[in-house]
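The structure appears right after this line, and notes come after that.
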Amino acid sequence: MRPLAPTLSLLLAVFFMVLPPLAATVDDSHSLAMEAAMPYVEQGFIVREEYWNGEVKSGQLLVIKHQMFKGNEYAFWLGSSNKGVTFDLRVYDEKGEEVSIAGKTAANFSSIRVNPPRTGTYTLTFSLSSAKEKGLYWALAYGYR
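Numbering follows our numbering, in which position 145 of the sequence shown is assigned residue number 138; successive positions increment by one, without gaps.
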């Protein structure tokens, strides 16, 4: 068997370098959430190392309970490596009242800021929807200042 000619090897290498990723992943979703965090970091937010991630059915509502402290401002960043995703990210207090103060959505992420009125356990709800894909990868990271 003859080895590949150098030109053919070079062409194959270039082809695989420019080939877009074939599948979205949870790690890619976390990277997008971290990309959404960059403007907040520039404003003094400290990003926590722990985060939540997984795969969810399009439109399925997910719920996370999280302890927040009065006097801190929190930001949550939800990323998805799937294309064409619609995000819905909200935060509620123990009475079920929405407490977010600002949100932003872009192509592959959504972010929300919260200034909790009192120390306690808050409920984050979120969903990701896609008209094209049934299973969506996601990652939710957070920070505070």
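Idealized CB from N, CA, C, for every residue including glycine. Here the structure is a predicted model, which is why all the values come from computation and not from measurement.
Candidates the options: closest to residue i by CA position
i	options	result
G113	S103, Y137, H59 and V49	H59
E87	E126, P109 and E28	P109
Close-in-space but distant-in-sequence residues of the same chain around residue i (CB under 6 Å, 5 per side omitted)
i	result
R111	K63
D21	S74
P14	Its pLDDT being 44, under 50, P14 is placed unreliably in this model, and the coordinates cannot settle the point.
7 Å Cβ shell around residue i - same chain, five flanking residues per side excluded
i	result
Y137	F38, I39, N65, E66 and Y67
V49	L55, L121, L129 and W131
L71	A26, F80, L82, F102, S103, F119, W131 and L133
Residue i vs residue j beta-carbon contact at 8 Å
i	j	result
V78	I105	no
M61	Y115	yes
V107	S93	yes
Span separating the alpha-carbon of residue i from that of residue j
i	j	result
A100	E42	24 Å
V34	G89	29 Å
L117	I57	5 Å
G96	T18	24 Å
T98	K125	19 Å
E91	Q53	19 Å
Q36	A29	13 Å
K76	F69	20 Å
Close beta carbons around residue i, own chain, < 8 Å, minus the five adjacent residues each side
i	result
K127	K50 and S51
H23	Y44, N46, G72, A132 and A134
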